[in-house]
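Just so you know, the sequence shown maps onto residues 1 to 213 in full-length UniProt numbering. What follows is a single structure, written as structure tokens, with notes after it.
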Amino acid sequence: MALEHNVSKPESYLMRLPVELHKDIIDLLALPEKVHLKLTGRYFASLIKAASHSELLAAENTEWAITKGLFSCMDCIRLRSLDKFADTMRKNKMGRRGSEPDRRFCIDCGLRLQLSPELGQNTTEQRYAPGTEITVQGKPFIFCRYCNKYTDQVGPKHSLACSVCVPKDKLCSRKSYEPYPGYDSDDDFGHSGGFYDYELENDYEYEAHWSDF
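Structure, rendered in structure tokens:
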């Protein structure tokens, strides 16, 4: 008859240390190292504080962030891949070593309604107004003023519309404006050309956790 063994996994030396020492160790880690430690389990996920915008701005100039093409966003306070930003947000004043990188925001946040302190605490605005053309890695996109969708199916120059809505501009009156619902809607990208590929491994690896960090 085989003997049954109840073997428990031995606790690591690191986990035997007091919480105070864990915090001291965390304070000595660089931001990428904190992220990796945060992903090891709930304990360190709850112990490691969320990164500030200034910390992310410093981190985006490291070799780690440059190699992965990561930039910080002032609104969602995340490091995101370069294809999540308009070209104008990654160059000149808002570039990595520009004079105003702290004003950079990603496309998602630019299209989303949010509070505007300048207009009053209860007033919302979109950084990108309907009809805005946005260039991403040299490719043009449009935030259509009629269907309120963000798509690569750009209409004629100065039309402020996507190619689907251009005929409607001449045949019917302008549609009433509806706030941009966000990227969780199944209908947001009905004719977007599949630009947002959420299957990208790097997106899941970093964006799924930076929002909590």
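Don't be surprised by glycine CBs; every beta carbon is placed ideally from N, CA and C. The structure presented is a predicted model; accordingly, all values stated were derived computationally and were not measured.
Tell me where the beta strand (DSSP E) around S81 begins and ends.
-> L79 to S81
Give the secondary structure of F213 by DSSP, where H, G and I count as helix, E and B as strand, and everything else as coil.
-> Residue placement at F213 is flagged as unreliable, the pLDDT there being 41, under the threshold of 50; a coordinate-derived value is accordingly withheld.
Indicate the three-state DSSP secondary structure (helix, strand or coil) for Y146 in the structure shown.
-> coil
For H22, which residues of its own chain have a beta-carbon under 7 angstroms away from its beta-carbon, when the five flanking residues on both sides are left out?
-> L47
Are S54 and R104 close, meaning C-beta to C-beta below 8 angstroms?
-> Against a cut-off of 8 angstroms, the Cβ pair of R104 and S54 comes out as no contact.
Going by the beta-carbon positions, is the gap between D108 and K84 smaller than 8 angstroms?
-> K84 is positioned such that its CB atom lies closer than 8 angstroms to that of D108.
In its own chain, which residues sit with a C-beta less than 7 angstroms from the C-beta of R145, not counting the 5 before and 5 after it?
-> P130, G131, L160 and A161
With distances taken Cα to Cα, identify the nearest neighbour of F49 among K34, T40, A58 and D75.
-> A small fix is needed here, since residue 49 is Lys in this sequence, not Phe. The candidate whose alpha carbon is nearest that of K49 is K34.
So, is L79 buried or exposed, given that buried needs 16 or more other C-beta atoms within 10 angstroms?
-> Counting every other CB atom within 10 Å of its CB across the protein chains shown gives L79 a total of 16 or more, marking it as buried.
Under the assumption that G155 contacts C165 (Cβ atoms under 8 angstroms), give the Cβ distance between them as a whole number of angstroms.
-> 7 angstroms
With DSSP collapsed to three states, give me the class of S159.
-> coil
I134, DSSP secondary structure in three states | If DSSP states are grouped into helix, strand and coil, I134 belongs with the strands.
Return yes when the Cβ of D87 is within less than 8 angstroms of the Cβ of T135, no when it is not.
-> yes
For L111, which residues of its own chain have a beta-carbon under 7 angstroms away from its beta-carbon, when the five flanking residues on both sides are left out?
-> Q126, Y128, F143, Y150 and Y180
Grouping DSSP H, G and I as helix and E and B as strand, with all else coil, what is P140?
-> strand
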